[in-house]
C-alpha cells in the first residue's frame with residue numbers, strides 16, 4: 004500500500020458506493036477577484052450532505068458542470084470563516100472553469116469531495132512558517148491562513164510571500180491589512196509594476212536573499228506554478244531547511260480524485276490521494292525529473 | 129467563439145460546397161433525429177444542398193465542404209472567409225485536399241488531356257489543397273465522410289461555448305474500446321490506425337480492413353515507426369504507401385510518411 | 109564627523125561589509141556617502157553616465173525601463189541591502205540601461221565606482237572579494253529575470269483538459 | 013465403488029461433454045457463461061454455451077506483433093493461448109455510463125442503476141487470474157471501492173484452466189503467476205485428450221460440479237496432467253529477470269534505452285488496452301445539442317494518449333519517450349509501491365499486440381544491460 008504521508012482528514016462525502024456521482028450545490032455568492040478569476044460560495048442543495056461535509060485546508064473538490072465535465076479545484080477558505088459554505092476560487096481557463104464563469108447565483112454545479120491531503124497545520128505548530136505562493140496558488144492556502152490566524156499563538160513568525168504577474172492580478176488584496184494585523188509579515192511582489200505600484204517587484208524566492216530563517220524551526224508551505232515552487236524549494240534547501248519541513252502542493256490532470264483513474268500519477272504517487280500536499284522529502288527523487 | 133441559443137437571434141449557419149462529392153453535406157442531412165433540435169438552435173441561412181432559400185450574410189458559422197482546385201474557388205473561399213465569423217473545414221477534402229489531391233503527385237495536364245475532349249475549356253489548378261492552405265480556418269473536422277456525431281458535437285460545443293469532445297487519440301483506442309481484433313497483428317493487414325485521429329469509431333477495422341486514414345493524422349503519431357511497422361506487411365507492392373496516399377494524401381504528415389514508405393520499398397527491391 | 113560616523117554605522121549593518129578587513133572597510137567607506145532620498149527621487153535615468161554603485165539601507169528603490177506605449181515598467185525593486193547600479197563596477201562600464209527611482213523614502217549608500225575599480229586594481233585581494241560579491245548579485249538578478257521571462261503566471265498557451 | 017464425495021481440493025475426471033451440462037447449470041443459476049470463441053482470425057471472450065462454441069483443435073502461435081491460429085483435428089479446446097482480449101472487459105468494461113443528467117428547471121441526476129451482470133468466466137488462465145487479483149487491489153481497496161468493478165467481481169464464477177502449451181511471448185513463470193493455478197478459482201480444468209481433470213476450488217464450485225457425472229482420476233491420468241504442466245512450465249517463450257525491478261527502472265529514468273524504444277513506440281495505446289492489469293480510465297460528458305441533457309461515461313484510457321497528462325500550461329508528458337517511460341516504470345516499478353505487487357503477469361499480450369513488436373522483456377533486459385555496462 005502507498006505510505007500515507009500526512010494524516011489526512013477522513014473523506015466525509017461518502018462516495019464510495021457511487022462512483023463519480025456528484026451532489027448538487029447551489030451558488031450562493033460570486034465575487035470577482037481579478038481578471039478571469041472569481042470566488043464562488045456554494046451550498047449543497049441536500050441539507051444532509053451540507054451538514055455532514057467537512058474538509059481540511061489544502062484539500063480539493065471535483066466540480067462538475069453538466070455537459071462540460073469536472074475540474075479539480077482547491078477550497079479557498081475554511082468552513083468556519085465561510086459560515087459553513089464551500090468556497091472555491093476559480094481561474095477561468097479550462098473547459099469546465101470557463102463554463103463556471105458563465106454561471107450565476109442560484110445556478111447549480113455538481114460537487115464531489117473532499118479529496119487529498121491537507122496542509123500540516125498541526126504538525127508545524129510552534130514553528131516559524133513561510134507561506135510561499137504565486138498567482139492562483141494563494142487560494143488553496145487561504146484556508147490555512149485563516150486557520151493559523153485563529154490559532155495565532157500556536158505559531159512563531161509567519162511570513163506570507165505572494166507573487167503575481169501584475170498588481171491587478173493579486174488575489175484577495177482587501178484582506179492583506181487584516182492579515183498584517185494578525186501579525187503576518189506580508190511580502191507581496193509582482194513580476195512587473197506600473198507607476199502606481201510601490202510594493203516589491205521581483206519574484207517570490209528572492210525573499211530568501213533578504214531575510215534570515217532559522218532552518219530548524221521553519222516550515223515552508225508552497226503552492227503555485229511548479230517552476231516557482233522549484234525555486235522556493237531550492238532557496239529553502241540552500242538555507243538548510245530540512246526537506247520534510249517544506250510542503251508542496253502539486254497539480255496534475257485528475258478524473259476521479261480517488262487514485263483509481265490513473266491520470267495524476269507521478270512516480271509512486273497518485274497526486275489526488277497521496278497529495279496534493281506532499282512534504283518535499285517524499286518528492287525528492289521525482290520532482291525535478293523532466294517530463295516524469 | 130461564443131454562440132448563444134438563448135439570444136433572440138439564433139446564430140446563422142452557412143454550409144458551402146467546394147470540390148467534393150457532397151458526402152459530408154449528406155452526413156449533415158442524415159441527422160434526421162437531431163435536425164429539429166439543430167433547427168431550433170441555429171438558423172440554417174445558406175445550405176444549397178438542402179434548400180434554395182438563401183438568407184444574406186454575414187454568417188456566424190461557415191461550414192465548408194470540399195477542397196480548392198480551381199482559380200475560381202481560390203477567390204470564392206476568400207469571400208466565404210470574409211462573410212463568416214467562425215469557419216469550419218468539414219471533411220477530408222476541406223482539411224487535406226481529399227482524394228482529388230492525388231493530382232498533386234503527378235501532372236494535372238496529363239489527366240486533362242486523357243479525360244476531356246476539349247481540354248482548352250478546363251480551368252483547373254495544379255493542386256488540390258485544403259481550406260486552411262488558402263484561408264485561416266477555426267476548426268477542422270476530418271473524415272471521409274465526416275462522422276455525423278462529430279458534427280453534432282462541434283455544433284453543440286459551439287452553442288455551449290466549450291471545447292468539442294473529440295480527443296486526438298488514435299483509432300487503436302476505438303478498436304480496443306469496441307473489442308475489435310487488431311487486423312495488423314491477427315491478419316497481417318497494413319493499417320494506419322496507430323497514427324490516425326480517432327472519431328470514426330474504428331469503422332474499417334471493424335469490417336476487417338486496415339485503417340485508410342481518412343480522419344487524418346493524430347497529433348501524437350510516430351509516422352516513422354508506423355511506416356517501418358506496416359511496410360513489411362504489404363500484401364502487394366506499396367500497399368502502405370497507397371494507404372497513406374489516399375484520402376489524406378496531402379496532409380504534411382502523410383506526405384512525408386508515404387515518401388518514407390516508398391523509400392523503404394525501393395531499398396528492399398534494390399536488395 | 110558625525111556624518112562619517114553615521115556612515116560607518118550604517119555600512120556595518122550590511123553583511124558583506126562585515127566580512128571586510130578594517131583596511132578594506134575604511135577604504136570603501138571613504139568612497140561612500142549616504143543619500144536620503146524622498147519617494148519619487150531619481151538616482152539615475154536611462155542613458156546617464158554617472159558613476160556610482162548603490163546599496164539600499166532602508167526603503168525601496170525601483171528599477172524601471174521606459175517602454176513606448178507601455179509607459180514605465182518596473183521590473184525590479186531593490187530592498188534593504190540590495191545592490192543596484194552594479195554595472196558601474198564592471199570593467200566595460202557604459203551608460204545606464206535602466207532608471208532608478210525611490211518608490212519609498214529611502215536611505216542609500218552611494219559608492220564611487222571609479223574609486224572602487226581603482227582600489228580593486230591595486231589590491232587584488234579586495235578586488236576578488238568585490239567581484240565575488242558582484243557575481244552573486246548578478247547571479248541572483250539573472251535568476252529573477254529568468255523567472256520573470258518565463259511569465260509563469262500567464263495563462264496557458266494550449267487549451268487545458270478539465 | 014470409490015468414495016466420490018467432493019471436497020475443496022478434490023480432483024475429478026470429467027468427460028468432456030459434461031462441460032456443456034456444467035455450463036447449462038451455471039446459466040440456470042443466473043450466470044452468463046462467457047469464454048473463448050473464434051472470431052476475426054483470433055480468439056475473443058464472448059458468450060458461449062458449450063463445447064460447440066469453444067475453439068476446437070486450435071493452437072495459437074504468438075510472436076511480437078503477430079497472432080496466428082493453427083487448426084488441428086484434435087478434440088481439444090484450451091490448447092491456444094488467449095489473444096488480445098482479457099477478462100478485464102467484463103469486470104472493468106471499456107465503456108460504462110455513470111449517470112445522465114437533464115435540465116428540467118433544475119438539473120436532475122439519474123444514476124445508471126442497471127444491475128451488474130453475473131458472469132461465469134470459462135477458461136481463465138493462471139496469468140489472467142493473477143491479473144484479476146491485481147485489479148482487485150486497485151479497485152477494491154480499503155479507501156476506495158469501485159462500484160462497477162465490485163458488483164461484477166462479487167458475483168463472479170471462475171472456471172480456471174491450466175495452460176499446457178505456452179506461446180513464444182509467454183513469460184508467466186518469470187512473474188510467478190503460472191502456468192499452473194494454485195488458488196482463487198471455483199473450478200479448475202486441466203485438459204487431457206479424453207477428459208477434463210477438474211479441481212474444486214470453492215464451495216460454490218463444489219456444488220456446481222456435484223451435479224455432474226464424473227470419475228475419480230486414475231493415477232495415470234493424474235500423472236499425465238502433471239507431466240503436461242511441468243512441460244508447460246519448462247517451455248516458456250520468454251523470461252524476464254525481475255530482480256530489483258522497481259529500483260532498476262525508477263533509478264534510471266535517464267537511461268539511453270528510453271530514447272531507443274521511443275523511436276519504435278507508436279504511442280498507439282495498444283499495450284495498455286490489451287494489458288489485463290492496466291486500469292486507467294477517463295470520464296467524459298456527452299451533451300445534447302441544446303445543452304439540456306448529458307450523459308457521463310467512463311471509458312478506458314491510456315497513458316499513451318496525448319490528452320492523458322494535460323494540465324494548465326500543457327502536457328506534462330509531451331513526448332513518446334516520457335510516455336513509454338511512464339508506462340514501463342509504472343508497470344514494473346512504482347506499481348509495487350502503490351499496490352504491493354508488480355503490474356505485470358507475464359501474459360505477453362503487450363508483446364504480441366504491439367503493432368511495432370516492442371518486447372517488454374527485451375526492454376527490461378536492455379536497460380539492465382545498459383545499467384550494468
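Residue numbers (my numbering), protein chains in the order written: chain A, 4 to 295; chain B, 129 to 399; chain C, 109 to 270; chain D, 13 to 385.
Just so you know, even glycine gets a beta-carbon here, dropped at the ideal spot from N, CA and C.
Between residue 56 of chain D and the set D:90, D:69, D:94 and D:75, the nearest pair of CA atoms involves D:94. Legend: CB atoms of the stretch 173-197 of chain C lying less than 8 Å from CB atoms of chain A belong to residues 179, 180, 181, 182, 183, 184, 185, 187, 188, 189 and 190.
Assignment of beta strand (DSSP E) within the stretch 259-300 of chain D, counting only whole runs of 3 or more residues, yields 293-299 in chain order.
In chain order, 143, 216 and 218 place their CB closer than 6 Å to the CB of residue 191 of chain B, counting only its own chain and leaving out the 5 sequence neighbours on each side.
Residue 182 of chain C and residue 167 of chain C have their C-alpha atoms roughly 16 Å apart. In this structure, DSSP gives residue 220 of chain B a helical state, which the three-state scheme calls helix. According to DSSP, residue pairing for residue 327 of chain D in a beta bridge involves D:322. With 16 or more other Cβ atoms from the protein chains shown falling within 10 Å of its own Cβ, residue 338 of chain D counts as buried. Chain-order list of chain A residues neighbouring residue 340 of chain D: empty, with the shortest C-beta distance near 12 Å, by a criterion of under 8 Å. At a C-beta separation below 8 Å, residue 212 of chain C has these neighbours in chain A: 201. For residue 288 of chain B, the enclosing alpha helix (DSSP H) has its first and last residue at 276-288.
By a beta-carbon distance limit of 8 Å, residue 361 of chain B contacts residue 317 of chain B. Their separation comes to about 7 Å. Contact holds between the stretch 186-196 of chain C and the stretch 202-215 of chain A, because three or more Cβ pairs, one in each stretch, are under 8 Å apart.
Nearest Cα to residue 90 of chain A within the set A:36, A:134 and A:179: A:36.
About 5 Å separates the beta carbons of residue 343 of chain B and residue 325 of chain B, which is inside the 8 Å limit, making them a contact pair. Taking 9 Å as the Cβ-Cβ cut-off, the stretch 252-263 of chain A has no residue approaching chain B. If one requires a minimum length of 3 residues, the beta strand (DSSP E) runs lying completely within the stretch 156-220 of chain C are 160-166, 169-175, 179-186, 207-210 and 214-220, in chain order. Put simply, the CB of residue 197 of chain A is near chain C, with a gap under 8 Å to one of its CB atoms. Assignment of residue 219 of chain D by DSSP, reduced to helix, strand and coil, places it in the helix class. Contact annotation: in the stretch 316-334 of chain D, residues whose CB is within less than 8 Å of a CB in chain B are 316, 317, 318, 319 and 332. Listed along the chain, the chain A residues whose CB falls inside 8 Å of the CB of residue 291 of chain B are 98. Contacts with chain C (Cβ-Cβ distance below 7 Å) from the stretch 114-137 of chain A involve 137, listed in chain order. Within chain A, the residues whose beta carbon sits less than 7 Å from that of residue 288 of chain B are 70, listed in sequence order. Within chain B, the residues 309, 314 and 315 have their CB atoms less than 8 Å from the CB of residue 53 of chain D, given in chain order. Between residue 96 of chain A and residue 193 of chain C, the CB-CB gap reaches or exceeds 8 Å. The alpha-carbon separation between residue 82 of chain A and residue 44 of chain D amounts to approximately 49 Å.
Put simply, the backbone Cα of residue 323 of chain D is about 11 Å away from that of residue 74 of chain A. Within its own chain, the residues whose Cβ lies closer than 8 Å to the Cβ of residue 241 of chain A, once the five positions on either side in sequence are excluded, are 211, listed in chain order. If one requires a minimum length of 3 residues, the beta strand (DSSP E) runs lying completely within the stretch 207-239 of chain A are 221-226, in chain order. In terms of beta-carbon proximity, residue 90 of chain A stays away from the interface with chain C, with every pair separated by 8 Å or more. Residue burial is scored here from C-beta neighbours: residue 200 of chain B has fewer than 16 other C-beta atoms within 10 angstroms and is therefore classed as exposed. In chain order, 176 place their CB closer than 8 Å to the CB of residue 243 of chain D, counting only its own chain and leaving out the 5 sequence neighbours on each side. Proximity of residue 260 of chain C to chain A, defined by a Cβ-Cβ separation below 8 Å, is satisfied. Listed as beta-bridge partners of residue 183 of chain D by DSSP are no residues whatsoever. By the neighbour-count criterion, in which 16 or more other beta carbons inside 10 Å mark a residue as buried, residue 141 of chain A falls on the buried side.
Within chain D, the residues whose beta carbon sits less than 7 Å from that of residue 294 of chain A are 328, 329, 330, 331 and 334, listed in sequence order.
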